[in-house]
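Engineer: Residues 1 to 205 in the working numbering are what the sequence shown lists, from first letter to last. All residues carry an ideal CB built from backbone N, CA and C; glycine is no exception.
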Amino acid sequence: MKQGKFITLEGGEGLGKTTNLAFIQHFLIEQGREVVVTREPGGTVLAEKLRALLLETQGELISDKTELLLLFAARAQHIHNVIQPALTRGAWVLSDRFTDATYAYQGGGRGIDVATIAWLEQFVQASLQPDLTLLFDAPVELGMQRAKKRAALDRFESEQQAFFRHVRAAYLERAQQQSERIKLIDASQSLAAVQLRIQQWLETL
Ligand code: Z5A
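1) If contact is defined by three or more beta carbon pairs under 8 Å, each pair taking one atom from either stretch, is the segment 50-61 in contact with the segment 110-123?
2) Give the range of the alpha helix (DSSP H) segment to which E141 is assigned.
3) So what does I182 bridge to, in DSSP terms?
4) Using only the heavy atoms of ligand 1, determine whether one of them is closer than 6 Å to the beta carbon of F156.
5) DSSP three-state call for G108: helix, strand or coil?
6) Consult DSSP for E48 and reduce its assignment to one of helix, strand or coil.
7) Residues in the same chain with beta-carbon distance under 8 Å from L205, minus the five sequence neighbours each way, listed in chain order, please.
8) Using DSSP with H/G/I as helix, E/B as strand and the rest coil, what is E10?
9) DSSP on T38, reduced to helix/strand/coil?
10) Would DSSP call L71 helix, strand or coil?
11) Pop quiz: F136 and I185 are said to be a contact at Cβ under 8 Å. What is the actual Cβ separation, rounded to whole angstroms?
12) Assign L28 to one of three DSSP states: helix, strand, or coil.
13) Taking the Cβ atom as the reference point for each residue, do G43 and H78 lie within a distance shorter than 7 Å?
14) So does Y103 have its beta carbon nearer than 6 Å to some heavy atom of ligand 1?
15) With distances taken Cα to Cα, identify the nearest neighbour of M144 among S188, R174 and I198.
16) For a test of the three-state rule: what should DSSP assign to D154, helix, strand or coil?
17) Hey, is E13 close to ligand 1, as in C-beta under 6 Å from one of its heavy atoms?
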């Protein structure tokens with residue numbers, strides 16, 4: 001039984017998910033909630049090892065199918081060991097990415113068909129879905145500019161612009177299809193404006 005709330009943050013790279021995760025955590029703690037902050041891929045010891053494999057740029061080439069299965073393997077572990085127990089005891093779970101990222105990156109970016117992703121989603125998650133998803137959206141170039149300030153690029157960040165355009169399009173399509181759950185945030189605004197919008201969406205929960 002799910003007692004807490006499940007919030008996910010999504011969007012292209014460098015658009016403020018990580019920055020705003022801290023803001024949301026602080027906001028919810030002030031409301032007296034127990035908050036579990038986590039991320040995907042990752043969130044458990046095993047899932048973080050899978051994350052490292054997925055992001056590394058050296059070594060054996062990872063096929064698209066392998067990538068998809070590793071992501072869902074990490075997710076199965078994450079749900080079983082962290083997300084579900086936290087929700088059951090009434091905590092609010094805040095995850096930096098979840099399954100919408102798979103539809104966007106593996107579906108939109110890599111071209112894996114939606115039915116395959118939907119089958120794995122059903123197998124791994126059953127009825128578990130976020131209560132609220134904040135989708136940070138802005139032109140691909142803006143996210144790349146902001147992310148460029150960091151040191152080395154990981155395996156996903158090393159993709160070409162066309163890949164990220166497909167990712168963005170898939171995210172936007174999904175937001176249109178699931179507008180009750182997925183709320184679009186214009187990430188090109190100032191941080192203060194972004195956070196005001198986030199706070200408004202949180203208050204609806
Ligand atoms: N992936 C996948 O393919 N399939 C899946 O199912 C899942 C994931 C779950 C790792 O994700 C990779 O995994 C990801 C997709 C893939 N790769 N990519 N690309 P990640 O979430 O760990 O990595 P990321 O997307 O690269 O996150 P990020 O680059 O850390 O971006 P962010 O968290 O959205 O941005 P940020 O670090 O908060 O902000 C970036 C900079 O912009 C920073 O200096 C901020 O201070 C600044 N910033 C933020 N907001 C603003 C505003 N509003 N104004 C000005 N400056 C701002």
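Structural biologist: Reading off the structure:
1) no
2) V140 to A147
3) T133
4) yes
5) helix
6) helix
7) K5, I7, D131 and L132
8) strand
9) strand
10) helix
11) 5 Å
12) helix
13) yes
14) no
15) S188
16) coil
17) yes
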